[in-house]
Every structure is written in C-alpha cells, then in structure tokens.
Amino acid sequence: MLIAGIDTATVQVSVAVGGHEGVLASTSSSRGRQHAEVLTPAIEFACRQARIDLSEISVVAVDLGPGLFTGLRVGVASAKAMAHALNVPMIGVPSLDLLAFPVRFTSRLIVAAIDARRGELFYAFYRQVPGGIQRLTDHQVGSPDDLASELLATSEECLLVGDGAIRYREVFEGLKKIEIVEEGLAYPSANSLVMLAHAKALREEWVKPWDLQPLYLRKPDAEINWSTRPSA
Amino acid sequence: MNRTRVLGIETSCDETAAAVVVDGHEVLSSVVSSQVDLHARFGGVVPEIASRAHVELLTPVVARALVEAGIDDDHVDAVAATVGPGLIGALLVGVSAAKTLALVWDVPFVAVNHLEAHLYAALLEDPELELPVVVLLVSGGHTLLVLMEGHGRYRILGSTIDDAAGEAFDKVARYLGLGYPGGPAIDAIAMEGDPEAIAFPRAIMDDGYDFSFSGLKTSVVNHVRKHPEVATEDVAASFQEAVVDVLVTKARRAARDHGAKGLCLAGGVAANSQLRERLLDACVTDGLRGFLPSRSMCTDNAAMVAAAGWYRLQSDGPSPLDTGASPNLRLVSP
Chain A
127 MLIAGIDTAT VQVSVAVGGH EGVLASTSSS RGRQHAEVLT PAIEFACRQA RIDLSEISVV
187 AVDLGPGLFT GLRVGVASAK AMAHALNVPM IGVPSLDLLA FPVRFTSRLI VAAIDARRGE
247 LFYAFYRQVP GGIQRLTDHQ VGSPDDLASE LLATSEECLL VGDGAIRYRE VFEGLKKIEI
307 VEEGLAYPSA NSLVMLAHAK ALREEWVKPW DLQPLYLRKP DAEINWSTRP SA
Chain B
4 MNRTRVLGIE TSCDETAAAV VVDGHEVLSS VVSSQVDLHA RFGGVVPEIA SRAHVELLTP
64 VVARALVEAG IDDDHVDAVA ATVGPGLIGA LLVGVSAAKT LALVWDVPFV AVNHLEAHLY
124 AALLEDPELE LPVVVLLVSG GHTLLVLMEG HGRYRILGST IDDAAGEAFD KVARYLGLGY
184 PGGPAIDAIA MEGDPEAIAF PRAIMDDGYD FSFSGLKTSV VNHVRKHPEV ATEDVAASFQ
244 EAVVDVLVTK ARRAARDHGA KGLCLAGGVA ANSQLRERLL DACVTDGLRG FLPSRSMCTD
304 NAAMVAAAGW YRLQSDGPSP LDTGASPNLR LVSP
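As given, the protein sequences belong to chains A and B, one line each in that order. When we follow this note's numbering, the leftmost residue of the first sequence carries the number 127, and every step to the right adds one. When we follow this note's numbering, the leftmost residue of the second sequence carries the number 4, and every step to the right adds one.
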C-alpha cells in the first residue's frame, strides 16, 4: 500500500508519500498564500524523491481542516482529482489530529489550536492512547479567551500545540501547568497524515472522492448574516 | 493526424463545468452544474458559497463529462482550465484539480483565459469562421468590443466605463423585484411590454466604442419612483431596448470601421433574445456574417474552455504546473 498525503489547511503546504515502511519522502513549504502554485510541483517532487510512479499510489489522504478556507480547498480539490484519476479510495484526517499526533509522547492533555483568523482559534483536546491519540472533544471555534477558560477549568497539565497557540501566546503563558510547543511543530504535517491514514487504511475507513467533505466549522459569512437578519 | 481530446474545466464564477472537446471544435460532452439556486436568495453570487459548491460538484461533473465522452479506462490528451478572470477562491478549485489530473495522467496542462474562452464559443460551433471578426462580449462581469484578427490576436476596441451589461440587467431586475439572475427575468417579461414606452437614455451612443450603463440604471429607478403606476413590463422592455440599442449600434460601427467580415456575440448576455434578433438584423443589413453561439455556449461552460485550450496548446504549448489563479486577468495584457 502506497499513500500520498496532501496537507494545505494552514499557511503550510506539505506532501508526503509512504505506507507500511513509514514515510518514504516528504516536502513542505510555509511561505503562505501560494498553495495552488506550490502543491502540484510538490506532489511530483515527493513521488520522484520516493522513487515511485504516481500510478503506484493506492490511497490518497488529505487534511480535511479545519483551517484557512482557500488553502484548504486547494488541497481537497487536488486530492479528490488525484483519487478520481487514479481510481483509488481516499482517507480524510482532521488538521487538529495531525497537530496533536507528533507530540503524543506525554501523559499531559494535548490541546491542538490552529489560528482561524478574525481573533479566533480552531481547537480540540487529545490524550495519548496506545498506538496513537484519542480526541476527547469536538472540533471547536472560539476566541483565545474561550480556550483559556477551558484550560483553567481542567486541573490537568496541558501541552498546547499549533500556530494558534503561538499567535496568542500571551493569553496562555500566564496560566499554570501550561506549556506551548515551539514553532517546529506549529503546523499539521503530511508525515503525520500518511501515518494516521495508514492506520485508518488498515481499518478500511475509506471515503469516495465525491463523498469527501472538508471541515469548515464556520458558515459562509453571507449565510451567517442571512440567518441573523430580523426578517429571516 | 492524431485527434487531441481536451478536458476543459471551468469554475470561475457560479457554474461548475467540465467538457471534452476534440481539436477545438468537436464537442464530445459538455456538463454544466449551475449553482444559481444556491445564490438566488442573496441576489448575487456569494464567493464563499460558490467555492464550497465547486469543491463538492467538480469531481462528479468531471466524471460525467468523461463518461459521456466515452472515455472510460483511457484518458484525455490534455487538461485545460480557466485561470482567470473570476473569483479567486472559485478559480483555485478548478485550477488545482486540472493540474493534478494532468500530472496523474501525464498529459499537458493548459491555462485558459475565461474571456478568450468566450470568444472561442462561437468558433466551436462555426470552425469555418472567417477572420477578422468583431466580437461583442457581454456578461455579468464584462462588456467588451473586441477585434479578433487571428487566433490569439485581439484588440480591445471598447469596454464599459462603469457597470457591465449583465450587471445592469441584474440590478434593474432586483429593483423591479424580478429576482436573480436578472437577464433571463427581464428578457421574459420584456416580451409582454412596449420597448418604446419610455425613452431611457442611450449613454455615449454616438461617440467611440466604450459603454456606460450606470446612468441608465439610475434613470430606471428615477422613472419608477416618479411614475409608480408604470407597468413593469414596459419598464423592462424599454430598459432592454436601450441596452440593446447601444450594444448593437457600437458593434456595427466597430465592424464597419475595421473592415470585419462578421459580427460575433459571446458571454451570458448573448443569450438575450432581443439582442440576438437585433444583431442578426444588423448583420443582414450590413452584409456581415453573424455568429450567434447557441444559448448554452454563451453562458459559462467548459466546452469553450477546452476549445480555447486546444488553440493555446497549438500556439504556446503546455502551461507550467506551478500556474496559479489570476483573478484580474485581462484579455490583452496592457
């Protein structure tokens, strides 16, 4: 089984190729705002570095978000096209899972937080379990203060990871029993994506390209305005 | 000679479309999934809603276009996609998918200008079209008079200095309570009205090739305010008459001044019945050939993208895989 993993949910674009033997090759860049320009050549590059032909890919995995809408859609649209053209199944993994996975070797609570812009975060709580991580909460959208109150409410030590945690560092740093993971692990990575997708593939948790849906967590602004209009 | 089957993909606004066209003129399939119902209640296209719908619809639309074209196990020979102008988030969905398909199938990717694709809609149905022709490109976002001298050789003779023609239709329709999209709504109701009931202004009719429609829109609003009893049918018919009058007059003048062999319509507003009739009449009078693409080729579709892509592939070769979207792309770079 060979898995191609595509992640464009944050300012970072990353692609990895791997399978039973782990990750064979990966590439990432985080200069932001050039997702469509960067992604297609990155797929080509990762496959070449892994010395595999694209036609050997048997599963396409993609970061489902939540994240920045425009970037997220570049990855999801490309991944769907790839799975469609190769006639292979897909696996979707949420971005917050990908953030929590690499920092799992701890007994602390893990809190993954992505910068959602507009003064908000996408976040979720995790704990290490044998063989991986378990999500303890739903994916949430809230202000840094919302997350800070949730952190205060738990008596446990917490490890905060993600560009959202770093951006609002000053809100969390004053809290007790909190540690923030530094920049190197601030974005979801396609390496984690390939590893988590591999586990899901063994459980045959496939999705068809036309059924796969990104996790937006926010309605389009027009619909929000519409539903809050007095006449609606 | 080998036949080149091009898959075209169009996601620049609110239509998700895919088509397979051979050698720029033989349409094997053309699938258009309109999102008009998703946007109607907002009275216009909402970019975020459009982008989300493209992600959801593109895979099934491409799959259907391939199946209808009889391409099952095999694949096409090139993939073309609209890269601009249009809504950035919407464009990126089609561009990203098209580049990935091209990469996986190991065939050329071709970046297509949406405006150029509209010009090729006419050629698609009439490959013998004799150049030069003057093309009147009228849609919700554009109003252009173009002299097409050869493949890929265009001169912009005139454009709108404010609202696009289709935009004027949408705004007037919204004001008259006719719903969205405004073009078909006004076209339909105008059939019942008197086009000479109200003498709306024809802006800069006698001078140059540029257009202006924002004053006309204001006149409609002012007239209805002053005469609330006026029949909506008459307002719609008279408004449409004013728009068509200006468009046809300037297109004829442009054709005469530049020795064009024909006059060609393109863009969504080219589906307007009055405009089609008047332009065809003008062509007969002036001894020009009139090229009116069928209505389904006037509005956004991917067959025109595949056709324009084929011509671009012949002249310029493939586009690089690091191509992005160009929301403000012009037909002719300044």
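Even glycine gets a Cβ: it sits at the ideal position worked out from N, Cα and C.
Between the CA atoms of residue 224(B) and residue 357(A) - distance to the nearest angstrom:
Confidence at residue 357(A) is low in this model, with a pLDDT of 46, below 50, so its placement is unreliable and the value that follows should be read with caution. Going by the C-alpha atoms only, they are around 25 Å apart.
Which chain A residues are close to residue 88(B), counting only those with a beta carbon under 8 Å from its beta carbon?
Residues of chain A passing the Cβ test: none, with the nearest at roughly 16 Å.
Roughly how far, in whole angstroms, is the beta-carbon of residue 1(B) from the beta-carbon of residue 93(B), given that I think they are within contact range, below 8 Å?
With chain B covering only 4 through 337, there is no way to say anything about residue 1(B).
Using a Cβ-Cβ cut-off of less than 8 Å, give me the residues of the stretch 160-172 of chain A that come near chain B, in sequence order.
For the stretch 160-172 of chain A, which is checked against every Cβ of chain B, the residues closer than 8 Å are 160, 161, 162, 163, 164, 165, 166, 167, 169 and 170.
Quick check on the DSSP output: the beta strand (DSSP E) that includes residue 116(B) runs from which residue to which?
Start and end: 112-116.
Which ranges would you report for the beta strand (DSSP E) in the stretch 212-280 of chain A if only whole runs of at least 3 residues count?
Annotation note: the stretch 212-280 of chain A contains the following uninterrupted beta strand (DSSP E) runs of length 3 or greater, listed N- to C-terminal: 216-219, 235-241, 247-255, 258-261 and 266-268.
Can you tell me the Cβ-Cβ gap for residue 238(B) and residue 13(B), rounded? I've got them flagged as a contact below 8 Å.
A Cβ-Cβ distance of about 34 Å is found for the pair residue 238(B) and residue 13(B), leaving them out of contact under the 8 Å criterion.
Using 8 Å as the cut-off, can you tell me whether the stretch 192-204 of chain B makes contact with the stretch 227-245 of chain B, which would need three or more C-beta pairs spanning the two stretches below that distance?
Touching, per the Cβ criterion.
Distance, Cα to Cα, residue 329(B) vs residue 161(A)?
Taking the straight line joining both Cα atoms gives about 13 Å.
Per-residue DSSP class, three states only, for residue 173(B)
Residue 173(B): helix per DSSP, three-state reduction.
Indicate whether at least one CB of chain B lies closer than 8 Å to the CB of residue 189(A).
For residue 189(A), the answer is no, since every Cβ of chain B falls outside 8 Å of its Cβ.
Contacting residues, own chain, Cβ-Cβ under 8 Å from residue 157(B) (five flanking each side not counted):
So the qualifying residues of the chain are 119, 122, 149, 150, 151, 334 and 335.
Extent of the continuous beta strand (DSSP E) to which residue 106(A) belongs:
Given that chain A is displayed from residue 127 to residue 358, the structure contains no residue 106(A) and the question cannot be resolved.
Considering just the uninterrupted stretch of the beta strand (DSSP E) at residue 129(A), what are its terminal residues?
128-133 is the extent of the beta strand (DSSP E) around residue 129(A).
Residue burial classification, residue 127(A) (beta-carbon count within 10 angstroms, cutoff 16)
Around the beta carbon of residue 127(A), fewer than 16 other beta carbons lie within 10 angstroms, which makes this residue exposed.
Residues of chain A with CB under 9 Å from residue 92(B), in chain order?
Chain-ordered, the chain A residues with CB closer than 9 Å to the CB of residue 92(B) read 195, 196 and 199.
Tell me which same chain residues have a C-beta within less than 7 Å of the C-beta of residue 343(A), skipping the five on either side of it?
Counting only Cβ-Cβ distances below 7 Å, and skipping sequence neighbours, we find 192, 248, 265 and 267.
Under 8 Å, do residue 287(A) and residue 149(A) count as touching if we go by C-beta distance?
Residue 287(A) places its beta carbon 8 Å or farther from that of residue 149(A).
In chain order, each alpha helix (DSSP H) run of at least 4 residues that lies wholly inside the stretch 75-160 of chain B:
For the stretch 75-160 of chain B, whole alpha helix (DSSP H) runs of length 4 or above, ordered along the chain, are 91-108 and 117-128.
For residue 327(B), collect the residues of the same chain with a Cβ closer than 8 Å to its Cβ; drop the 5 residues on either side in sequence, then sort them by chain order.
Only 86, 95 and 98 meet the Cβ criterion.
Going by DSSP in three states, residue 164(B) sits in which element: helix, strand or coil?
Three-state result, residue 164(B): coil.
From which residue to which residue does the alpha helix (DSSP H) around residue 54(B) run?
Residue 54(B) -> alpha helix (DSSP H) spans 50-71.
Out of 89(B), 253(B) and 262(B), state which residue places its alpha-carbon closest to the alpha-carbon of residue 291(B).
Among 89(B), 253(B) and 262(B), the Cα nearest to that of residue 291(B) belongs to 262(B).
Output, in chain order, the set of chain A residues within a Cβ distance shorter than 9 Å of residue 49(B).
Taking a Cβ-Cβ cut-off of 9 Å, the neighbours of residue 49(B) in chain A comprise 346, 347, 348 and 349, given in sequence order.
Taking only beta-carbon atoms, is residue 215(A) less than 8 Å away from chain B?
Output row for residue 215(A): interface = no.
What number of angstroms, rounded off, separates the C-alpha of residue 216(B) from the C-alpha of residue 65(B)?
Rounded to whole angstroms, residue 216(B) to residue 65(B) spans 37 Å at the Cα level.
Between the beta-carbon of residue 31(B) and the beta-carbon of residue 73(B), is there less than 8 Å?
Contact: yes.
Shortest alpha-carbon distance to residue 46(B) belongs to which of 181(B), 70(B), 59(B) and 55(B)?
Nearest C-alpha to residue 46(B): 181(B).
Which one of 216(A), 325(A), 234(A) and 138(A) has the shortest CA to CA distance from residue 168(A)?
Nearest to residue 168(A) by alpha-carbon distance, out of 216(A), 325(A), 234(A) and 138(A), is 138(A).
Alpha carbon to alpha carbon, what distance is there between residue 235(A) and residue 285(A)?
Roughly 6 Å separates the two Cα atoms.
Give me the residue from 34(B), 24(B) and 104(B) with the minimum Cα distance to residue 130(B).
Looking at the Cα atoms, 24(B) is the closest of the given residues.
In whole angstroms, what is the alpha-carbon distance linking residue 296(B) and residue 142(B)?
Cα to Cα, the separation comes out at about 14 Å.
What are the complete beta strand (DSSP E) segments, minimum 3 residues, inside the stretch 248-331 of chain B?
Listed in chain order, they are 265-269 and 292-294.
Consider the Cβ of residue 128(A): report whether some Cβ of chain B lies at a distance smaller than 8 Å.
So, not an interface residue.
Endpoints, alpha helix (DSSP H) assigned at residue 292(A)
Annotation: the continuous alpha helix (DSSP H) that includes residue 292(A) extends over 289-293.
Taking 6 Å as the limit between beta carbons, can you name the residues of its chain near residue 116(B), skipping five residues before and five after?
These residues qualify, in order along the chain: 332.
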